[in-house]
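Notes follow the structure.
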Amino acid sequence: MEYRTRSGNGKIISMKKREIVREIEDGINDATERADIEPLSDSEVEHLLDILLQKDKVITVKAGDEVILTRDGGTLKYTGCTRYSGVPLSREQAVWVGERILSLDTMELGHIDYSIKPVKPIAHDESSVLENILLSSIIPIFYGAMPNLGLYFTSQGGQFPDYSALMNKGKFKESQEALYEAAQKLIEDIKYVSKVFSKSGTDGINLDTAAAAGDAEFFATLNAVEFISREIKIPVQIGMASEQVLGLHCELKYKGELLAGAYPHIQGKLAERAGATIFGPAINTKVSKSFPWNLARALTFVKRCIKDLKIPIHVNMGMGVGGIPMSDVAPMDSVSRGAKAMIEIARVDGI
Amino acid sequence: MTYRVCSGMGGIRTSGDLVARVQLSKKVKLKKAKEYVAKKLGVAVEVLSDEFGMKKIREELDIGSPLATTYKSKGIIAKKNIAEILDLPIPSVERSFISS
Chain A
615 MEYRTRSGNG KIISMKKREI VREIEDGIND ATERADIEPL SDSEVEHLLD
665 ILLQKDKVIT VKAGDEVILT RDGGTLKYTG CTRYSGVPLS REQAVWVGER
715 ILSLDTMELG HIDYSIKPVK PIAHDESSVL ENILLSSIIP IFYGAMPNLG
765 LYFTSQGGQF PDYSALMNKG KFKESQEALY EAAQKLIEDI KYVSKVFSKS
815 GTDGINLDTA AAAGDAEFFA TLNAVEFISR EIKIPVQIGM ASEQVLGLHC
865 ELKYKGELLA GAYPHIQGKL AERAGATIFG PAINTKVSKS FPWNLARALT
915 FVKRCIKDLK IPIHVNMGMG VGGIPMSDVA PMDSVSRGAK AMIEIARVDG
965 I
Chain B
294 MTYRVCSGMG GIRTSGDLVA RVQLSKKVKL KKAKEYVAKK LGVAVEVLSD
344 EFGMKKIREE LDIGSPLATT YKSKGIIAKK NIAEILDLPI PSVERSFISS
């Protein structure tokens with residue numbers, strides 16, 4: 615008998631039960647070998663198999679097991695163009711749609727470029743919109759932006775020498791210096807915008823896609839989070855960019871821990887020590903593998919985060935992360951199975 | 294949207310906004326956040342994601358609903374009531390009512 619499932623790019627494929635079991639085992643093994651973490655138990659594998667073999671298109675969790683939903687992108691998903699819906703709404707209206715029609719638990723305001731650097735010069739304009747939203751909405755509202763260290767280098771219009779060009783020339787020390795200096799500027803900018811949005815009454819800051827530019831970006835994010843948590847005293851969520859922090863600088867540490875190469879449970883522990891309120895692990899989907907392989911692998915990583923961290927875990931489960939296929943119109947069957955598995959097996963606190 | 298239907302708490306249709314506020318304010322896991330809200334509302338945890346049960350509670354406590362009912366609190370006024378009931382600081386409420 616063949617079962618309908620999907621490949622990592624979202625295409626429908628058929629697999630026999632024994633093939634799905636093998637994919638689950640291979641996905642778990644990939645995670646355990648990479649991050650030196652424990653596998654899912656036999657009963658968890660059986661539960662995952664049961665979820666994957668269900669015939670219904672959309673499945674759900676037991677009543678009472680629902681979790682909190684937080685966003686990345688927030689209003690951008692409604693009003694932005696290209697990958698987004700492009701609906702001609704103000705961002706205030708977008709929040710109302712999210713709150714009163716879609717019944718989201720939280721919502722987020724963000725700038726169209728969704729990065730700290732371009733937000734800084736317009737922070738007070740953004741604050742004005744934020745204040746309107748906070749007056750007229752009920753659900754918690756984050757201000758969200760990516761640290762996006764890449765924008766600080768000359769190749770992207772920034773002020774610091776391009777670290778990758780320096781590496782190509784064999785100037786490794788200079789490359790490290792450029793990354794470190796850019797990280798210091800990013801810390802300063804995150805502190806500035808967080809202070810501005812705090813004064814307007816934001817319910818929290820969401821630093822999304824953290825460490826997209828590797829260990830130097832994660833270094834900046836953690837140091838900025840420490841400041842936000844201790845000095846500004848507002849909640850801060852860290853959503854990661856990938857399952858492993860890329861080593862671009864390679865020698866940066868936070869509280870004695872080397873950042874390059876950190877897997878989700880280490881990333882989360884560092885986020886917790888920095889004072890983060892919510893941690894969002896991001897496990898990359900491999901498009902050449904199946905949905906069962908990717909979901910089993912993601913569950914293995916996330917389950918270890920849940921075990922190690924005391925703060926709430928809101929796993930990233932958008933396009934191409936958390937086992938979800940790499941399709942900007944995510945298939946509902948995969949999304950609902952992924953959510954059920956993350957809630958019932960990994961026991962996440964939110965998505 | 295799929296997450297909302299399959300796994301979300303339901304925002305102001307139920308108590309998702311309240312549980313989220315507890316997670317943010319107290320950095321607690323979901324189970325503890327739900328227990329905290331249930332205790333403050335005086336209901337069983339199971340009621341928190343029940344639209345019928347929570348509609349009545351939200352109306353009685355005047356903490357906002359997805360329906361645009363006249364004479365009922367909306368926006369910052371509803372949040373002021375939420376801050377009092379949950380005994381949690383809400384930054385925009387403090388900015389609007391306490392610091393001014």
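In order, the protein sequences belong to chains A and B.
Just so we're aligned, residue 615 is where the first sequence starts under my numbering, counting upward by one.
Just so we're aligned, residue 294 is where the second sequence starts under my numbering, counting upward by one.
No residue lacks a Cβ here, since even glycine has one placed at the ideal position from N, Cα and C.
Is there a Cβ from chain A that is less than 8 Å from the Cβ of residue i?
i                      : result
residue 330 of chain B : no
residue 378 of chain B : no
Using CA atoms only, rank isn't needed, just tell me which of the options is closest to residue i.
i                      : options                       : result
residue 693 of chain A : A:679, A:711, A:663 and A:635 : A:711
residue 925 of chain A : A:941, A:881, A:934 and A:937 : A:881
residue 966 of chain A : A:632, A:616 and A:635        : This structure does not reach residue 966 of chain A, given that chain A is present from 615 up to 965, and the question cannot be answered.
residue 854 of chain A : A:928, A:782, A:766 and A:800 : A:928
residue 745 of chain A : B:368, B:333, B:351 and B:360 : B:368
residue 658 of chain A : A:636, A:962 and A:958        : A:958
residue 774 of chain A : A:784, A:751, A:649 and A:800 : A:800
residue 922 of chain A : A:639, A:624, A:954 and A:652 : A:652
residue 817 of chain A : A:776, A:862, A:715 and A:847 : A:847
residue 668 of chain A : A:962, A:963 and A:955        : A:955
residue 390 of chain B : B:355, B:374 and B:334        : B:374
residue 665 of chain A : A:640, A:700, A:631 and A:901 : A:631
residue 717 of chain A : B:296, B:306 and B:295        : B:306
residue 764 of chain A : A:832, A:740 and A:933        : A:832
residue 934 of chain A : A:806, A:623 and A:675        : A:623
Could you tell me whether the Cβ of residue i comes closer than 8 Å to any Cβ of chain B?
i                      : result
residue 882 of chain A : no
residue 953 of chain A : yes
residue 804 of chain A : no
residue 634 of chain A : no
residue 897 of chain A : no
Which bits of chain A does residue i rub up against, with CB to CB less than 9 Å?
i                      : result
residue 339 of chain B : 677 and 678
residue 334 of chain B : Residues of chain A passing the Cβ test: none, with the nearest at roughly 15 Å.
Which chain B residues are close to residue i, counting only those with a beta carbon under 7 Å from its beta carbon?
i                      : result
residue 959 of chain A : Under the 7 Å cutoff, chain B gives no residues; its nearest Cβ is about 13 Å from residue 959 of chain A.
residue 891 of chain A : 317 and 320
residue 754 of chain A : 310, 313, 314 and 317
residue 784 of chain A : Neighbours of residue 784 of chain A on chain B: none; closest Cβ ~45 Å, over 7 Å.
residue 749 of chain A : 368 and 369
Going along chain A in order, which residues have a C-beta closer than 7 Å to the C-beta of residue i?
i                      : result
residue 309 of chain B : 682 and 719
residue 347 of chain B : Going along chain A, no residue has its Cβ under 7 Å from residue 347 of chain B, so there is no contact; the nearest lies around 11 Å.
Can you pull the chain B neighbours of residue i, defined as C-beta to C-beta under 9 Å?
i                      : result
residue 624 of chain A : In chain order: nothing, as chain B lies at least about 14 Å away.
residue 965 of chain A : 296, 300 and 301
Taking residue i as the query, report the chain A residues whose CB atoms sit under 8 Å from its CB, ordered along the chain.
i                      : result
residue 302 of chain B : 680, 681, 682, 683 and 719
residue 305 of chain B : 713, 714, 717, 752 and 753
(request) Flag this pair as touching only if the region 939-950 of chain A and the region 890-909 of chain A have three or more C-beta atom pairs under 8 Å; answer yes or no. (result) yes
(request) Decide if the region 834-843 of chain A is in contact with the region 883-898 of chain A; the criterion is three or more beta carbon pairs, one per stretch, under 8 Å apart. (result) yes
(request) Could you please tell me which residues of the region 668-683 of chain A, in chain order, have their CB closer than 9 Å to any CB of chain B? (result) 672, 673, 674, 675, 677, 678, 679, 680, 681, 682 and 683
(request) Please list the residues of the region 926-951 of chain A that have a C-beta atom closer than 8 Å to any C-beta atom in chain B, keeping them in chain order. (result) 926, 931, 944, 946, 949 and 950
(request) Note down, in chain order, all residues in the region 840-854 of chain A with a beta-carbon under 8 Å from any beta-carbon belonging to chain B. (result) 848 and 849: these are the residues of the region 840-854 of chain A whose beta carbon lies less than 8 Å from some beta carbon of chain B, given in chain order.
(request) Could you name the residues of the region 701-716 of chain A whose beta carbon sits closer than 7 Å to any beta carbon of chain B, in the order they occur along the chain? (result) 713, 714 and 716
(request) For the region 717-738 of chain A, enumerate the residues whose C-beta is nearer than 8 Å to any C-beta of chain B, in chain order. (result) 717, 718, 719 and 720
(request) Pull out every residue of the region 353-375 of chain B whose Cβ sits closer than 7 Å to any Cβ of chain A, in chain order. (result) 357, 359, 368, 369, 371 and 372
(request) Closer than 9 Å, Cβ to Cβ, to anything on chain A: give me those residues from the region 380-392 of chain B, in chain order. (result) 383, 384, 385, 386, 387, 388 and 389
(request) Answer yes if the region 754-770 of chain A comes into contact with the region 727-745 of chain A, meaning at least three C-beta pairs across the two stretches below 8 Å, and no otherwise. (result) In this structure the region 727-745 of chain A touches the region 754-770 of chain A; the number of beta carbon pairs closer than 8 Å is three or more.
(message) To be precise: take each residue of the region 813-824 of chain A, compare its Cβ to all Cβ atoms of chain B, and keep it if any distance is under 7 Å. Which residues remain?
(response) 815, 816, 817 and 818
(request) Please determine if the region 857-875 of chain A and the region 825-841 of chain A are in contact, where contact requires at least 3 C-beta pairs separated by less than 8 Å. (result) yes
(message) Assess contact between the region 676-696 of chain A and the region 301-319 of chain B, defined as three or more Cβ pairs (one per stretch) separated by less than 8 Å. Is contact present?
(response) Yes: the two stretches touch, three or more of their Cβ pairs being nearer than 8 Å.
(message) Assess contact between the region 304-322 of chain B and the region 737-754 of chain A, defined as three or more Cβ pairs (one per stretch) separated by less than 8 Å. Is contact present?
(response) yes
(request) Could you tell me whether the region 910-918 of chain A touches the region 632-641 of chain A, where touching means 3 or more Cβ pairs closer than 8 Å? (result) yes
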